[in-house]
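Here's the structure, in structure tokens; my notes come after.
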Amino acid sequence: VDRVRHIVDRLVPPYQNREDFRIYVIDNEEWNAMAAPNGSVFVFSGLLRDMDDDEVAIVLGHELGHVTHEHSRREYKKSMLVSLLGWGATAAVDSIDNDGARIASKVGIYVGTLAWMNGYGRAAEDQADRVGLRYAFEAGYDVSKGPKLWERFAQKSRGLPKALNFFLGGHSVAKDRARNLEEQIRFNYTDEEPALFKK
-12 VDRVRHIVDR LVPPYQNRED FRIYVIDNEE WNAMAAPNGS VFVFSGLLRD MDDDEVAIVL
48 GHELGHVTHE HSRREYKKSM LVSLLGWGAT AAVDSIDNDG ARIASKVGIY VGTLAWMNGY
108 GRAAEDQADR VGLRYAFEAG YDVSKGPKLW ERFAQKSRGL PKALNFFLGG HSVAKDRARN
168 LEEQIRFNYT DEEPALFKK
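According to the working numbering, numbering within the sequence shown proceeds without interruption in unit steps and concludes at 186.
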């Protein structure tokens, strides 16, 4: 807990109050971490055991990005809107006389709604990756480890095939996340000095 608290204290951006973030370590061998909208940060012990502080900082920076950018609140509002639109569209297709066409329309609405919601979730996850990388960099951690970290996640979890992930996945596939971080590092961090170390 002290290790995680130390990392989070360094990661929290200056416009946030460090006291608002509470740290919990869960005794679980999986690689996982999450942050609740109220600033509670949960980290699995398996992740802490297998990763160094730079890697943990990249993961925790991602989770803090969800909190600071209010992704949960935004996702809730979006899901309410999409659900209402889905219900309206489903009610409208109930008037179709042909059973096959009606069922196909309902399946199409369901799949489309699922893809729309997961697409929004992936956009928030990708933003959290970018923001978290910035937080880790500003705190003085080695963000060049980010792409390899997501490759390790890909090897460990396997994940969904890319086409299926489009409909069912709330995150971009790990290989895409690694590639995106490589671009971020190349464009934004190669010649820049972390704020923590600036005179």
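Glycine is no exception: its CB is placed at the ideal position from the N, C-alpha and C atoms.
Remember, predicted model here, so these are calculated numbers, not experimental data.
Subject >> I(-6), DSSP secondary structure in three states >> reply: One-based indexing of the sequence shown puts residue -6 at position 7. Residue state, collapsed to three classes: helix.
Subject >> Short Cβ contact (7 Å threshold) for I10 with V28 >> reply: Locating residue 10 in the sequence shown gives position 23, counting from the first residue. Locating residue 28 in the sequence shown gives position 41, counting from the first residue. In this structure, V28 lies closer than 7 Å to I10 by Cβ.
Subject >> Through-space distance from E6 to V43, alpha-carbon basis >> reply: Numbered from 1 along the sequence shown, position 56 holds the residue referred to as residue 43. Numbered from 1 along the sequence shown, position 19 holds the residue referred to as residue 6. V43 and E6: Cα-Cα distance of roughly 20 Å.
**OP:** Would you mind sorting F174 into buried or exposed? The rule is 16 or more other CB atoms within 10 Å of its CB.
**Re:** One-based indexing of the sequence shown puts residue 174 at position 187. Looking at its Cβ environment, which holds fewer than 16 other Cβ atoms inside 10 Å, F174 is exposed.
Subject >> Top-ranked residue by Cα proximity to F140, from A126, G119, K162 and G26 >> reply: The sequence position of residue 140 within the sequence shown is 153, counting from 1. The candidate whose alpha carbon is nearest that of F140 is K162.
Original post:
Which residue comes first and which comes last in the alpha helix (DSSP H) that contains F8?
Top reply: Here residue 8 refers to the residue found at position 21 when the sequence shown is read from its first residue. Here F8 belongs to no alpha helix (DSSP H), and DSSP marks it neither H nor E.
Original post:
Are there 16 or more other CB atoms within 10 angstroms of the CB of D39, so buried, or fewer, so exposed?
Top reply: For this step, residue 39 is matched to residue 52 along the sequence shown. When all chains shown are included, D39 counts as exposed.
Original post:
Near K135, what residues of its chain come up, given a Cβ to Cβ distance below 8 Å and the 5 sequence neighbours on each side ignored?
Top reply: Walking along the sequence shown from the start, residue 135 turns up at place 148. Within the same chain, K135 has close Cβ partners A165.
Original post:
Are there 16 or more other CB atoms within 10 angstroms of the CB of V(-12), so buried, or fewer, so exposed?
Top reply: As a working note, residue -12 is residue 1 in the sequence shown. V(-12) is classed as exposed because its beta carbon has fewer than 16 other beta carbons within 10 Å across all chains shown.
Subject >> Rounded separation between G156 and T177 - CA only >> reply: Position 169 of the sequence shown holds residue 156. Position 190 of the sequence shown holds residue 177. Because G156 sits at a pLDDT of 43, beneath the cut-off of 50, its placement in the model cannot be relied upon, and the following sentence gives the value as read from the coordinates. If I take the Cα positions, the gap works out to 31 Å.
Subject >> Rounded C-alpha distance that separates K149 from V160 >> reply: Position 162 of the sequence shown, counted from the first residue, corresponds to residue 149. Position 173 of the sequence shown, counted from the first residue, corresponds to residue 160. Here K149 scores only 46 on pLDDT, less than 50, and its place in the model is too uncertain to base an answer on.
Original post:
Considering only the beta carbon of each residue, do G52 and A115 sit closer than 7 Å?
Top reply: The residue given as residue 52 occupies position 65 in the sequence shown. The residue given as residue 115 occupies position 128 in the sequence shown. Yes. Within cutoff.
Original post:
Distance, Cα to Cα, N19 vs L47?
Top reply: Position 32 of the sequence shown, counted from the first residue, corresponds to residue 19. Position 60 of the sequence shown, counted from the first residue, corresponds to residue 47. Whole-angstrom Cα-Cα distance: 10 Å.
Original post:
Helix, strand or coil for V160 per DSSP?
Top reply: In the sequence shown, residue 160 corresponds to position 173, counting from 1. In the structure shown, V160 sits in coil (DSSP, three-state: anything other than H, G, I, E or B).
Subject >> Spatial neighbours of Q3 in its chain, beta-carbon cut-off 7 Å, leaving aside the 5 residues before and after >> reply: The sequence position of residue 3 within the sequence shown is 16, counting from 1. T55, listed in sequence order.
Original post:
Roughly how many angstroms separate the alpha carbons of R(-8) and F31, rounded to a whole number?
Top reply: Counting from 1 along the sequence shown, the entry for residue -8 is found at position 5. Counting from 1 along the sequence shown, the entry for residue 31 is found at position 44. C-alpha separation (whole angstroms): 14 Å.
Original post:
So the beta strand (DSSP E) S27 belongs to, where does it begin and stop?
Top reply: Here residue 27 refers to the residue found at position 40 when the sequence shown is read from its first residue. S27 -> beta strand (DSSP E) spans S27 to F31.
Original post:
For R117, which residues from the same chain have a beta carbon less than 7 Å from its beta carbon, with the 5 sequence-adjacent residues on both sides left out?
Top reply: As a position in the sequence shown, residue 117 is number 130, starting the count at 1. Closer than 7 Å at the Cβ level, and outside the excluded window around R117, lie Q171.
Original post:
CA-CA distance, D22 and A123?
Top reply: Walking along the sequence shown from the start, residue 22 turns up at place 35. Walking along the sequence shown from the start, residue 123 turns up at place 136. According to the sequence displayed, residue 22 carries Ala and not Asp. Cα-Cα distance, rounded: 16 Å.
**OP:** Please state whether DSSP places I45 in a helix, a strand or coil.
**Re:** As a position in the sequence shown, residue 45 is number 58, starting the count at 1. Looking at I45 - three-state DSSP - the assignment turns out to be helix.
Original post:
With 16 other CB atoms within 10 Å as the buried threshold, where does A91 fall?
Top reply: Taking the sequence shown and counting its residues from 1, the one referred to as residue 91 is at position 104. Exposed, since its Cβ has fewer than 16 Cβ neighbours within 10 Å.
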